[in-house]
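To keep things clear, I will list the structure first and then write my remarks on it.
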RNA sequence: GCGCUUGUAGCUCAAUUGGAUAGAGCGCAGCCCUGCGGAGGCUGAGGUCGUGGGUUCAAAUCCCACCAAGCGCGCCA
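Residue numbers (my numbering): 103 to 655.
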C-alpha cells in the first residue's frame, strides 16, 4: 500500500534528520499521512511537523523543511512540497500511477487485500434473532453489517467465523410454543382455546399452525404439556429454517449455528458460573443468584439465576461468552446487537473482564433502530404485537442488492428510515443502479473489444497520462485503504461511499476518454487495460458489500 | 432522574478518528447527445457543523454545561 510506503519514508527521513542533529531526539508521535481535501495540495499530506513542533520547540515550517529535505527520492514520489503552517505534501508520479494498472490486473480479485489481521481468529456473531418469528427489517440491518464486516475482515487477513446464536432454550421459546399450541387448537381442536397472555400474536403463528395440519393426529392426541413440547421442537425447526432461507435471500450465510441449549448440555453454563463464583462475582441474595457487576464498576448487579431456579438470558450469555473466549479461544469477538440491547453492553464487557480476558477483545457494535417507511407512511416493527412487515417481504420487493446497499449507506450508529419507495426505484435517486451501471458499462466495453478481437494483453500503460485516466487510477488505489479503515473502525458504510466515488470517477473518465478507438491502437490497448482494472476494483468493492456486479443490466 | 446513541445544505447522509477553503446523493436553476450503454457528464445557488463556554498552532471531531430526538435502565430477550 502506497500509504504505508510514504509513512515508512517519512519515518526514515525524520530519523535521518535527527541523526544529523537537525531535529532534537524526541519521541515520535504516530507518523501518519492523509489525503488533503484540496487536490492542489497533492495526493498525500502529513502534519507530522506540526505535531513535532511542541516537543522540539522549533518552528513547524522549519521542521517540515528539514524533514522534506531529508527524504530520499523514490519511484513513487514526484514532488514534495512544504506548506504553511507546517505540512509536507506529496504528489505521486504519473508513470508510477499508470504502472499500478498492471499490478491490479495481476492481483485480480485479490486486489485490495491487506495483511492487517495476521490470521488472527475473529468471531463475528450477528443477527441471532430469537427463532420465535420471522426476521424483520432491523435484523436485516444487522445481517448486512455483519456479513459485510466479515468479508472485509477476511480481506484484511483475519481468520473469520460467522456465527448465529440460536436462542432455543429461553422463556421466549416457551411462550412461542404455547402460542403455537393455542393457534393449533383454535384451528383444529378447541376453537375457544385461549392464547397465553405473554404469547406471540402475529398471524405467522396461525400460518405455521396451518402448515402443520398433517400432524393433527399426533398433536391432538397428546396432553397439553407434551403437545407443547412437541410443537416447540417442530416450531423451532420451522422458524430456524425460514430464518436461514431469508438470510440466504439477502446473501448472508453463517459458518456456525450455535444452539443456546448446548451450553447446558456441554456443561459450559456450570463452568462459566463456577469460574465467576470462584472469582467472587457471584452472590445469593433475595432468593436469587446475582452477578455482582457493581464490583466491576457497573451501576447495578444483575440476576443470573431466578428464584425459581431458571437461568436468565444474561446467564446464558455469560456462558456463551465463556465458550467464545475460554473454550474456543478466539482472539477477538465482535457481537452485533440491536439498539435495544444497549444496556447490556457494559455488563457483558464486565463479564469478560471477570473471566480474566482483556475486555477490548470483545467489541460490541450496536446497530440503531430502523423505521420502515413507504412514502409518507411510517411502519414500526414489533414481533409480539400483531402483524409485521418481514425482512423477506422487503427483500422480495426491493431486491437483495438494493437492500444491502441501503443498509450500508448509513453508519451503524445512526437511526435510519428505510424507504421502500426509494429503495426500489430504478432511477437516479437510487445509487445502487449508478454503481452497478458503471460495472455493466465496463463489461460492455470489454465485450466490444472482444468482438473486434483486440488483444490488449501487451498494452503499454505508460500511455495513460491524462487527468481523467490518472484520477481513475488514484481512486482505484484507495481500495486497500478503505479496507483497512473499515477493518479498524468496523464501519462498513465507507464501502458504500467509496463505491459511489469510484463509479463517479469512472463515469467521468468514460465521457472524456474514448476507449475503443480506430485511430490509436496503442492507446486503445492501454485504456482497455485501465477499464479492465477498474472492473476488478469495482467488482471487488461490490462483492465485499455482498452485492452482485452485473455484466449487463 | 441515570446510561448509551444521534443532532452537519431544503431532504437523506459523509467527513480518513485533531489538520489546510466542511463534502456527496437527491431536490432546485441552467447547460451537454453525427462516438464504446444518456441508467451518463458539466456549471451554479444553497452551511451560526443543535446552543453556550473551554482545551491548542489547529475543533464538526476532545472536555464541561444546556437543548432536542431515539433506545435502555425486568428474576423479558
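Glycine is no exception: its CB is placed at the ideal position from the N, C-alpha and C atoms.
State the beta-bridge partners of residue i as determined by DSSP.
{"i": "residue 392", "result": "385 and 405"}
{"i": "residue 147", "result": "136 and 191"}
{"i": "residue 238", "result": "492"}
{"i": "residue 413", "result": "407"}
{"i": "residue 650", "result": "The partner list for residue 650 (beta bridge, DSSP) is empty, contrary to what the question assumes."}
{"i": "residue 261", "result": "223"}
{"i": "residue 440", "result": "469"}
How is residue i classed by DSSP in three states: helix, strand or coil?
{"i": "residue 509", "result": "helix"}
{"i": "residue 521", "result": "strand"}
{"i": "residue 269", "result": "coil"}
{"i": "residue 180", "result": "strand"}
{"i": "residue 572", "result": "helix"}
{"i": "residue 433", "result": "coil"}
{"i": "residue 479", "result": "strand"}
{"i": "residue 664", "result": "The question about residue 664 has no answer here: the residues shown for the chain are numbered 103 through 655."}
{"i": "residue 361", "result": "strand"}
{"i": "residue 472", "result": "strand"}
{"i": "residue 465", "result": "strand"}
{"i": "residue 486", "result": "Caution is warranted here: a pLDDT of 46 is assigned to residue 486, below 50, making its placement in the model unreliable, and the coordinate value is therefore given only provisionally. DSSP places residue 486 in coil when its eight states are reduced to three."}
{"i": "residue 185", "result": "strand"}
{"i": "residue 128", "result": "coil"}
{"i": "residue 116", "result": "helix"}
{"i": "residue 293", "result": "coil"}
{"i": "residue 232", "result": "coil"}
{"i": "residue 611", "result": "helix"}
{"i": "residue 355", "result": "coil"}
Determine the burial state of residue i: buried for a count of at least 16 other Cβ atoms within 10 Å of its Cβ, exposed for fewer.
{"i": "residue 437", "result": "buried"}
{"i": "residue 157", "result": "exposed"}
{"i": "residue 648", "result": "buried"}
{"i": "residue 546", "result": "exposed"}
{"i": "residue 106", "result": "exposed"}
{"i": "residue 119", "result": "buried"}
{"i": "residue 312", "result": "exposed"}
{"i": "residue 407", "result": "buried"}
{"i": "residue 505", "result": "buried"}
{"i": "residue 590", "result": "exposed"}
{"i": "residue 411", "result": "exposed"}
{"i": "residue 586", "result": "buried"}
{"i": "residue 514", "result": "buried"}
{"i": "residue 127", "result": "exposed"}
{"i": "residue 655", "result": "exposed"}
{"i": "residue 211", "result": "exposed"}
Does the distance from the CB of residue i to the CB of residue j come in under 8 Å?
{"i": "residue 472", "j": "residue 420", "result": "no"}
{"i": "residue 239", "j": "residue 178", "result": "no"}
{"i": "residue 635", "j": "residue 206", "result": "yes"}
{"i": "residue 365", "j": "residue 422", "result": "yes"}
{"i": "residue 467", "j": "residue 520", "result": "no"}
{"i": "residue 155", "j": "residue 115", "result": "no"}
{"i": "residue 150", "j": "residue 112", "result": "yes"}
{"i": "residue 658", "j": "residue 577", "result": "Outside the displayed span of the chain (103 to 655) sits residue 658, for which this structure offers no information."}
{"i": "residue 268", "j": "residue 360", "result": "yes"}
{"i": "residue 643", "j": "residue 597", "result": "yes"}
{"i": "residue 434", "j": "residue 222", "result": "yes"}
{"i": "residue 187", "j": "residue 162", "result": "yes"}
{"i": "residue 319", "j": "residue 301", "result": "no"}
{"i": "residue 557", "j": "residue 628", "result": "no"}
{"i": "residue 393", "j": "residue 403", "result": "yes"}
{"i": "residue 415", "j": "residue 272", "result": "yes"}
{"i": "residue 243", "j": "residue 469", "result": "yes"}
{"i": "residue 609", "j": "residue 540", "result": "yes"}
{"i": "residue 258", "j": "residue 194", "result": "no"}
In its own chain, which residues sit with a C-beta less than 6 Å from the C-beta of residue i, not counting the 5 before and 5 after it?
{"i": "residue 248", "result": "226, 228 and 438"}
{"i": "residue 581", "result": "214 and 639"}
{"i": "residue 652", "result": "538 and 542"}
{"i": "residue 400", "result": "449 and 452"}
{"i": "residue 485", "result": "A caution first: residue 485 carries a pLDDT of 46, below 50, which makes its placement in the model too unreliable to give a value."}
{"i": "residue 231", "result": "237 and 241"}
{"i": "residue 291", "result": "322"}
In chain order, what residues of the same chain lie with their CB nearer than 7 Å to the CB of residue i, ignoring the 5 residues before and after it?
{"i": "residue 198", "result": "177 and 178"}
{"i": "residue 310", "result": "282, 337 and 340"}
{"i": "residue 358", "result": "263 and 265"}
{"i": "residue 329", "result": "283 and 321"}
{"i": "residue 500", "result": "522, 525 and 526"}
{"i": "residue 476", "result": "522 and 523"}
{"i": "residue 390", "result": "405, 407, 408 and 409"}
Less than 8 Å between C-beta atoms, sequence neighbours within five positions excluded: which residues of the same chain meet that for residue i?
{"i": "residue 224", "result": "255, 260, 261, 262, 263, 432, 433, 434, 435 and 436"}
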